[in-house]
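As given, the protein sequences belong to chains A and B, one line each in that order.
Read in order, the letters of the first sequence are residues 1 to 120 in the working numbering.
Read in order, the letters of the second sequence are residues 1001 to 1250 in the working numbering.
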Amino acid sequence: MAGWWRRNPFFVRYMLRELTAPFVAIYAVILLVGLVRLAQGEAAYDAWFAALTHPASIAIHWLLLVALIYHSVTLWQVMPKTMPPLKVAGHTLPELGVTALGLLATLTVSVVVYALVRWL
Amino acid sequence: MVETRTIEMEVLRYHPERDAEPHLQSYQVPFTHDMSVLQGLQYVKDHLDGSLTFRWSCRMAICGSCGHMVNGVPQLSCHTFLRDYFPGKVRVEPLNHFPILRDLAVDQTDFLKKLESIKPYIIPAENKPVESGEFLQTPAQLDRFYQFSQCINCLLCYSACPQYGLNSEFIGPAAMALLHRYNADSRDAGRAERMPIVNAEEGVWSCTLVGYCSEVCPKGVNPANAVNQNKVNSALDYFLRFVTPRGTGR
């Protein structure tokens, strides 16, 4: 079984999905640190915010963005397999419909959060 | 005049009493547009090498006997066509993750034991006499388990599952799909007897949602869905025992 995941592109995609999971956690920790710094006062928050503008931080965020997009798409692709069939007006929603709805929700929330941060 | 082409078939051979280890053997097989990989194997057995051993029966994706690895992918060989591999060669090997009995025939004992353990039959709440009539069911109730009842025990999903390959203690996709088929049936009351199998480490919790089992299933059973729906059922079963008296949960 050694190297089993390299033998099939399906398994490679699965391993990438699992590999990108820690990136979701890392980004959550970055945001949580920001929350803690905010609670500590304006100076602490500004320092955290300044640290985010460092080129290394920008590079890490680009990496996180790519990983999170991959993780979201592949996780929504398997989501229909984790739940009982969704019934809409007596008809079962096809797997593709569940994936599409999930991706739409992810995109909507992302745009709303971006708009709030950018313009408020 | 039917056009005939010739394809190279590489078949894994293993005679446990003669061979130290399995090896590939090549055959040149003439084929027509409508010939399946199974028919290619039958051509080899009938015309080139009568000692080649493989299982088959219905030739129409119903019996589930002719599952093989075809170019590394678990497939029913009656449902896979030689034309799709031409002009390349087609490699036929026994299903992954099972011990080889001989050539392409694998030992299914492990699965059969698991299948037996999930009690794949309706366990009614009370035994009714025949005179009292049928157990009635609405189309909506039928819909809840119908897809899972389509499993033909072909074992392609077990060959597709890396978790089963890494640890064969895992109950596996088909057995869990069939377990769910009975648990989800409105006529069945055997859920409490089956839940210990679901809840075990080797039950649903050995699945990491690779999802390839559903991809290769030739009958649209979607065993990954059965396994993962039962992760929710298993979690509910664990927590609900604190709030419901024993024996009332369904």
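All C-beta atoms in this analysis are idealised placements derived from N, C-alpha and C, irrespective of residue type, glycine included.
query	result
When you compare the CB positions of B/Y1238 and B/N1183, do they come within less than 9 Å of one another, or not?	no
Within 9 Å (strictly less), CB to CB, does A/T20 reach chain B?	no
Between B/G1064 and the rest of its own chain, which residues show a CB-CB distance below 7 Å, the 5 nearest in sequence each way excluded?	I1152, N1153, C1154
Quick one: using the 10 Å Cβ neighbour count with 16 as the cut-off for buried, is B/E1134 buried or exposed?	exposed
B/D1237 CB to nearest chain A CB: under 9 Å?	no
For A/T99, which residues in chain B fall below 9 Å Cβ to Cβ?	The contacting residues do not exist; A/T99 stays about 12 Å from chain B at best.
For B/A1224, which residues in the same chain have their Cβ closer than 6 Å to its Cβ, ignoring the five residues on either side in sequence?	G1211, C1213, S1214
Going by DSSP, what residues sit across from B/F1081 in a beta bridge?	B/S1036
When you compare only the Cα positions, how much space is there between A/V24 and A/L64?	8 Å
Taking only beta carbons into account, state which residues of the stretch 1192 to 1219 of chain B come closer than 8 Å to chain A, listed in chain order.	T1208, L1209, V1210, G1211, Y1212, S1214, E1215
Which term fits B/M1035, buried or exposed, when burial requires 16 or more other beta carbons within 10 angstroms of its beta carbon?	buried
Within the 9 Å Cβ cut-off, does B/G1088 reach chain A?	no
Starting from the beta carbon of A/V73, find every residue of chain B whose beta carbon is closer than 9 Å, and list them in chain order.	Result: empty, since nearest Cβ-Cβ is about 14 Å, beyond 9 Å.
How far does the beta strand (DSSP E) with B/S1026 in it reach, from first residue to last?	1023 to 1031
What residues from the stretch 1065 to 1077 of chain B come within 9 Å of chain A, judged by C-beta to C-beta, listed N to C?	G1072, V1073
Report yes or no: is there a C-beta of chain A within less than 9 Å of the C-beta of B/P1162?	yes
Check for me: the beta strand (DSSP E) holding B/H1068 runs from which residue to which?	1067 to 1070
So that I know if they touch, is there some Cβ in chain A lying closer than 9 Å to that of B/S1234?	no
Could you tell me the distance, in whole angstroms, from the CA atom of B/P1139 to the CA atom of A/F10?	36 Å
Could you name the residues of chain E that A/R7 contacts, counting a contact when the two beta carbons are closer than 9 Å?	The chain labelled as chain E is not found among the protein chains of the depicted structure, namely A and B.
Can you pull the chain A residues whose beta carbon is under 9 Å from the beta carbon of B/A1125, in chain order?	The premise fails here: B/A1125 is roughly 23 Å from chain A at the closest Cβ pair, so nothing lies under 9 Å.
Where do the ends of the beta strand (DSSP E) carrying A/L86 lie?	Unbroken run through A/L86: none, as it is neither H nor E.
Assign B/E1010 to one of three DSSP states: helix, strand, or coil.	strand
Note down the Cα distance separating B/I1007 from B/E1169, rounded to an integer number of angstroms.	39 Å
Closest Cβ-Cβ distance between B/N1225 and chain A: below 9 Å?	yes
Identify, in the order they occur along the chain, each residue of the same chain with its Cβ nearer than 8 Å to the Cβ of B/E1003, setting aside the five sequence neighbours on each side.	T1032, H1033
Is A/P78 close to chain B? Criterion is C-beta to C-beta, closer than 9 Å.	Residue identity check: residue 78 of chain A is Val in the sequence provided, not Pro. Taking Cβ atoms only, chain B reaches closer than 9 Å to A/V78, which makes this a yes.
Excluding the five sequence neighbours on either side, which residues of its own chain have a C-beta within less than 7 Å of the C-beta of B/Q1042, listed in chain order?	none
I think B/P1094 touches B/M1069, with their Cβ atoms under 8 Å apart; what is that distance to the nearest whole Å?	7 Å
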